[in-house]
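Protein chains in written order, with the working numbering: chain A, 140 to 493; chain B, 140 to 493; chain C, 140 to 493; chain D, 140 to 493.
Using N, Cα and C, we set each Cβ at its ideal position, and we do this for glycine too.
For reference, the structure is listed below as structure tokens.
4 protein chains.
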Amino acid sequence: MHMPVSVAIAGASGYAGGEVLRLLLGHPEVTIGALTAHKNAGDPVGLHHPHLRDLAERRFVETTAENLLGHDVVVLALPHGASGAIAAALEAAGSEALVLDCGADHRLVDAGDWEAFYGSPHAGTWPYGLPELVLADSGTRQREVLRSARRIAVPGCNVTAVTLGIQPGIATGVVEATDLVAVLANGYSGAGKAAKTHLIASEALGSAVPYAVGGTHRHIPEIEQNLRAAGAEQVRLSFTPTLVPMARGILATTTARLTEGIDSATVRAAWQTYYADEPFVHLLPEGQWPTTAATVGANTALVQVAVDARAGRVVTVCAIDNLVKGTAGGAIQSMNLALGLPETMGLPTNGVAP
Amino acid sequence: MHMPVSVAIAGASGYAGGEVLRLLLGHPEVTIGALTAHKNAGDPVGLHHPHLRDLAERRFVETTAENLLGHDVVVLALPHGASGAIAAALEAAGSEALVLDCGADHRLVDAGDWEAFYGSPHAGTWPYGLPELVLADSGTRQREVLRSARRIAVPGCNVTAVTLGIQPGIATGVVEATDLVAVLANGYSGAGKAAKTHLIASEALGSAVPYAVGGTHRHIPEIEQNLRAAGAEQVRLSFTPTLVPMARGILATTTARLTEGIDSATVRAAWQTYYADEPFVHLLPEGQWPTTAATVGANTALVQVAVDARAGRVVTVCAIDNLVKGTAGGAIQSMNLALGLPETMGLPTNGVAP
Amino acid sequence: MHMPVSVAIAGASGYAGGEVLRLLLGHPEVTIGALTAHKNAGDPVGLHHPHLRDLAERRFVETTAENLLGHDVVVLALPHGASGAIAAALEAAGSEALVLDCGADHRLVDAGDWEAFYGSPHAGTWPYGLPELVLADSGTRQREVLRSARRIAVPGCNVTAVTLGIQPGIATGVVEATDLVAVLANGYSGAGKAAKTHLIASEALGSAVPYAVGGTHRHIPEIEQNLRAAGAEQVRLSFTPTLVPMARGILATTTARLTEGIDSATVRAAWQTYYADEPFVHLLPEGQWPTTAATVGANTALVQVAVDARAGRVVTVCAIDNLVKGTAGGAIQSMNLALGLPETMGLPTNGVAP
Amino acid sequence: MHMPVSVAIAGASGYAGGEVLRLLLGHPEVTIGALTAHKNAGDPVGLHHPHLRDLAERRFVETTAENLLGHDVVVLALPHGASGAIAAALEAAGSEALVLDCGADHRLVDAGDWEAFYGSPHAGTWPYGLPELVLADSGTRQREVLRSARRIAVPGCNVTAVTLGIQPGIATGVVEATDLVAVLANGYSGAGKAAKTHLIASEALGSAVPYAVGGTHRHIPEIEQNLRAAGAEQVRLSFTPTLVPMARGILATTTARLTEGIDSATVRAAWQTYYADEPFVHLLPEGQWPTTAATVGANTALVQVAVDARAGRVVTVCAIDNLVKGTAGGAIQSMNLALGLPETMGLPTNGVAP
């Protein structure tokens with residue numbers, strides 16, 4: 140593929156699309172192509188993303204397959220259910236573009252899981268865009284799969300946080316996968332930009348509230364799928380996200396039963412081994428715990444792990460920026476791999492804090 | 140005891156002391172007695188609690204046993220370790236005051252637990268100030284014990300939230316107590332008013348961060364003690380608190396394995412039965428989840444429960460205001476019982492929201 | 140009027156209506172009557188106001204004049220434009236109820252001002268519900284007018300903050316009224332509960348943004364009207380509100396030119412004199428500045444004033460809770476006066492902080 | 140000067156120093172040299188700046204002139220009063236380094252102003268690091284001065300916001316400089332990283348509070364100095380900053396009397412003309428107002444202006460990130476100029492939002 144590559148973004152006026160744009164503006168081998176939107180088509184970018192000064196006067200066009208044709212890469216930042224049709228239309232038009240879907244449509248392998256959690260027909264499965272995912276069968280990581288991908292399903296933000304937090308324990312067997320409990324503190328941008336009463340600032344400020352409690356959240360089968368890939372025979376997961384008053388960030392606290400006979404040093408070694416060479420996932424020094432603020436704007440996952448001998452459980456905490464490592468940064472990392480570029484190209488490693 | 144009762148507060152310039160004051164100012168049978176402080180002694184109340192207009196010109200006096208003598212009730216809102224000496228001095232001086240300790244010193248029954256988690260000699264055990272605590276042995280609740288108490292150990296704020304959230308399941312046996320996992324979203328006022336770098340606003344805003352991870356938090360043995368009182372033979376608890384950017388509030392998400400053969404209706408019935416007549420603890424209608432904002436300023440605990448059949452776990456969420464039901468309101472509720480007053484007297488039931 | 144008085148609230152599912160409810164639940168001479176809503180009619184109160192535990196199971200009825208009849212007091216907490224028709228229907232039905240309009244419809248005396256700022260026909264003028272307003276002509280305060288009122292126009296929240304901040308200077312002539320500048324930091328609840336994109340938490344958190352800049356805000360003529368009542372011959376006001384990430388509160392910084400020859404002591408004396416006997420408005424000790432947090436939940440206005448000799452200006456800062464002193468508390472204070480009750484009855488003076 | 144240039148930072152463990160580091164890590168012609176600290180000397184960078192992953196294992200050294208020698212550039216991010224001695228020691232040691240002082244010591248030209256506002260002897264005046272500052276006398280901007288500077292005084296954050304907001308009106312004479320009023324909404328990072336009770340999150344969350352009211356803020360003479368440079372004969376400024384619950388950002392609302400006979404179009408044209416070619420300062424399209432969130436992490440100033448004919452005043456609002464355009468970004472922009480590099484090199488133009 141000749142450089143620079145041109146990238147079109149569908150759904151560019153939302154938060155995920157805006158973050159893809161922000162990162163691509165700093166990518167040395169990319170030019171920004173068509174930016175499409177639905178109800179905001181025709182508006183200047185600056186009206187909806189006043190932070191994207193470099194594009195203030197560009198305008199959104201309608202989200203149609205036609206507008207997305209002719210680019211090397213197409214990023215879909217659409218509500219779930221909308222990606223399938225666009226992808227099919229691109230295919231039908233003979234597009235050879237690399238397509239990345241930031242939505243959920245193509246993440247799940249199991250159609251039954253899809254139908255149970257999303258209540259609609261399954262659109263099919265694309266290669267999964269989590270380069271750090273451990274593949275137990277092959278002894279490699281998912282990045283090897285992504286090097287030849289032409290379609291990529293970008294993971295859910297919560298899924299990335301929980302998977303990165305716990306997978307070293309699963310892959311090494313130092314924890315059991317059959318009784319995982321994950322509770323997350325989530326920033327509001329994960330809920331998107333649509334105006335809903337429970338998302339307004341007056342409701343959010345000074346409050347914490349759980350949602351999708353009791354095994355109903357759509358990210359559950361996706362986490363389970365990842366952990367099976369990482370080596371678990373069977374996965375059972377209690378998963379509860381919680382909205383807290385911050386715009387960005389996921390702090391995922393995941394606990395698992397400690398495998399009988401395993402000591403703390405072995406646990407720590409598992410995490411160290413798996414993340415020693417990862418450019419974006421870091422085990423913090425002992426005693427230092429992740430803060431979401433430290434990841435804001437960066438494609439970084441900060442991880443810590445501790446053994447609670449009294450409770451017989453391992454506790455791991457993973458902090459990410461839901462819009463970066465959880466969505467747009469993860470997408471670009473996968474894009475880099477699929478395009479044969481350095482995996483880290485254009486991706487910030489340092490957060491914006493405080 | 141003649142009315143009104145006079146109440147002295149030791150440590151009145153801190154957050155817990157200030158909240159005791161705020162509530163007592165609305166209590167119809169109380170007059171405010173001595174207000175003591177350490178480094179703020181001599182200052183007007185209005186300088187440290189500008190929200191307490193009714194006391195703006197009162198001044199703090201030194202925290203000495205002498206200044207606390209001559210009152211019907213003494214509330215200790217001191218750092219742990221400081222209560223024992225004051226209580227002993229009051230005792231020695233022949234005080235017949237009801238003493239409530241908002242600190243940790245007298246909560247734990249087991250001296251070994253105390254020493255393991257606090258690292259200092261045990262000061263002894265006082266009657267435990269959680270009126271709603273289920274007592275499996277007697278088939279009553281803790282309020283019966285409190286009616287004759289002259290010394291009361293006010294529970295820890297996190298302890299109240301977790302205990303109220305999960306105890307109906309424990310008491311009825313619909314959940315197992317041997318593998319509990321609790322993760323909490325905590326407002327910053329729980330960390331007190333001392334100036335520490337990790338508590339400054341620049342660090343807190345836009346961030347979530349866990350603390351005391353891995354079985355080290357001092358509230359763990361206290362929760363276990365409560366749940367044993369509620370009927371558990373053995374308790375194992377993984378407990379992780381998380382600071383999120385709000386001033387007040389605890390949202391405690393606690394999960395427990397569902398006892399084999401129990402269905403959702405039975406679970407819900409357990410919670411309904413146990414809280415049907417409680418004035419301050421409320422099971423929300425199905426599908427509505429607690430928000431901490433709804434409890435701000437009120438002595439209210441909002442509870443919800445759901446069964447996650449896929450994970451084989453019950454999830455319960457309890458929201459309280461850490462300074463009210465979690466500290467000052469809980470203290471006054473217990474005080475009312477010990478004084479023979481209506482349990483709810485002077486305690487707000489409606490929160491200040493949004 | 141016999142006690143308790145029954146109070147109906149139109150628009151009870153919004154923020155202003157909810158706050159009227161919260162305060163009335165603590166009012167010793169009031170029973171809660173009909174609670175009406177528009178799209179939320181039929182819903183339980185607990186669904187929209189989970190903090191109002193005492194009314195969790197009450198249901199909203201449709202907002203019709205019929206539903207509001209038969210009460211001693213009717214509080215209208217409706218969008219502007221909606222109050223006039225309801226008031227007329229109550230009148231036509233022969234209702235003798237005291238009616239308080241929390242909306243803007245009946246605040247302005249000058250129909251031309253109304254039409255210029257609201258763009259619709261003027262609904263007429265009701266007695267103005269700011270008891271502390273200085274009336275230069277009569278040498279009294281507005282509370283005297285309210286004692287015989289049967290219709291009351293509750294002031295705008297920003298108006299209350301700016302008026303209370305600056306009126307002592309105007310009334311005494313120690314500052315000039317011809318070049319006032321007010322800039323406000325405003326919590327989001329002032330914008331109401333309607334879901335709009337610019338009000339969602341993701342947009343609000345970590346951001347400050349002005350609105351209605353350049354002399355367009357509808358509260359401007361109302362402030363001018365008040366300051367003329369307080370003695371200004373002519374008023375010119377630059378007024379800029381700013382949304383900042385808090386749910387409640389207004390911090391109004393107002394500056395005025397110092398009248399030639401006036402010294403600091405004279406300025407301070409003006410504020411002291413005018414607020415010495417006010418139960419809800421307090422000049423803080425020198426050097427202590429108002430915080431909005433100190434007023435949360437209370438019907439309190441905290442005021443401070445300083446002379447900037449270098450700039451030739453007086454700076455005054457007034458903090459209130461926009462939903463209490465700025466709306467619901469102010470309404471109840473006026474209601475008390477009109478009903479012949481103690482002005483302070485049922486109104487909190489102590490804030491909920493931190 | 141050969142490239143890359145090595146840059147040492149004194150006071151690198153604070154917020155200003157951390158932000159200089161964050162930006163320099165993205166600067167293509169810079170290598171990071173010595174990082175000094177006072178009480179944090181010896182600690183790894185990752186402990187104090189967990190967001191700066193690229194430097195996690197580097198360690199701070201003591202803040203001594205010796206440690207700062209041997210670099211091409213030295214950035215001083217120290218409390219005011221500390222820079223003078225370091226600068227003198229570097230001079231004495233024969234250092235030819237470019238020195239940028241992020242503190243206040245060398246900003247003011249007038250020693251009397253310094254002594255009046257800072258209460259200590261004046262350390263002297265360095266070239267002022269605000270490239271966009273209009274110089275009325277020469278008809279150029281301050282960037283021309285900076286191209287040959289070897290010492291640079293980085294402006295105060297509030298000063299940058301107010302100056303950029305109002306200077307086009309001053310320079311063109313469309314507003315009067317003799318009665319300016321500026322009120323600012325400020326994020327907490329401007330107050331630094333020191334632990335003080337009034338800065339802790341519990342105090343900050345849900346609150347707005349002014350500080351340094353009444354003409355006492357040390358940035359006042361600096362703003363006046365700038366506006367005189369921009370062409371004002373005499374400047375009078377009322378200046379009130381306000382802490383609001385956000386970590387970063389300044390929203391400066393500044394008003395000035397409209398010069399007699401000037402219309403709105405002329406006002407707008409003044410701002411357009413002066414900022415048309417500025418790479419970092421942008422006049423927004425009419426009707427769109429700056430938000431601080433849009434500038435987070437970027438060296439961007441967003442400006443808007445409106446005429447309030449009723450009040451006879453121009454209102455201008457300027458939003459910046461206090462740590463970027465207000466401190467570290469401004470410093471690097473000036474450094475680029477002094478080194479003969481492109482002025483915009485290494486400086487983000489797009490913010491991190493939401």
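When DSSP builds the beta bridges, which residues end up paired with residue i?
| i | result |
| --- | --- |
| L237 of chain D | D:V212 |
| E361 of chain D | DSSP output for E361 of chain D lists no bridge partner at all. |
| T393 of chain B | B:A321 and B:T455 |
| E201 of chain D | D:A176 |
If you draw a straight line from the alpha carbon of residue i to that of residue j, how long is it in whole angstroms?
| i | j | result |
| --- | --- | --- |
| A347 of chain B | A432 of chain A | 7 Å |
| V322 of chain B | D416 of chain C | 50 Å |
| A173 of chain B | G469 of chain B | 21 Å |
| S341 of chain D | H190 of chain B | 14 Å |
| A458 of chain A | G426 of chain A | 15 Å |
| V214 of chain D | F378 of chain D | 29 Å |
| E361 of chain B | L247 of chain B | 6 Å |
| Y257 of chain C | R357 of chain C | 7 Å |
| P481 of chain C | A147 of chain B | 30 Å |
| N365 of chain C | A448 of chain C | 27 Å |
| G370 of chain A | L274 of chain B | 44 Å |
| G485 of chain B | P266 of chain C | 35 Å |
| V491 of chain A | L217 of chain C | 42 Å |
For the alpha helix (DSSP H) containing residue i, list its first residue and its last residue.
| i | result |
| --- | --- |
| N475 of chain D | G468 to L478 |
| V184 of chain B | V184 to H187 |
| P313 of chain C | Residue 313 of chain C is actually Val in this sequence, not Pro. First-last for V313 of chain C: undefined, no H or E at that position. |
| R116 of chain C | Residue numbering for chain C in the displayed model covers 140 to 493; residue 116 of chain C lies beyond these limits and cannot be assessed. |
Please tell me whether residue i has its Cβ less than 9 Å away from any Cβ of chain B.
| i | result |
| --- | --- |
| K464 of chain D | no |
| Y414 of chain C | no |
| P218 of chain C | no |
| H337 of chain C | no |
| L215 of chain C | no |
At the 9 Å Cβ level, is residue i part of the contact set with chain A, yes or no?
| i | result |
| --- | --- |
| S341 of chain D | no |
| P270 of chain B | no |
| S234 of chain C | no |
| D402 of chain B | no |
At what residues does the beta strand (DSSP E) containing residue i begin and finish?
| i | result |
| --- | --- |
| H421 of chain C | V420 to L422 |
| G172 of chain B | V169 to A176 |
How close, in whole Å, do the beta carbons of residue i and residue j come, if the pair is a contact with beta carbons under 8 Å?
| i | j | result |
| --- | --- | --- |
| M385 of chain D | G345 of chain C | 5 Å |
| V442 of chain B | S403 of chain B | Wrong, their Cβ atoms sit about 16 Å apart, outside the cutoff. |
Using a Cβ-Cβ cut-off of 9 Å, state whether residue i counts as contacting chain D.
| i | result |
| --- | --- |
| A495 of chain A | Summary: the structure shown does not reach residue 495 of chain A, with chain A confined to residues 140 through 493, and so no result is reported for it. |
| P384 of chain B | yes |
Can you name the residues of chain E whose CB is closer than 9 Å to the CB of residue i?
| i | result |
| --- | --- |
| R161 of chain B | Within the model displayed, chain E is absent; protein chains A, B, C and D are what it includes. |
Would you say residue i reaches chain C, if we count a Cβ-Cβ gap shorter than 9 Å as a contact?
| i | result |
| --- | --- |
| S328 of chain A | yes |
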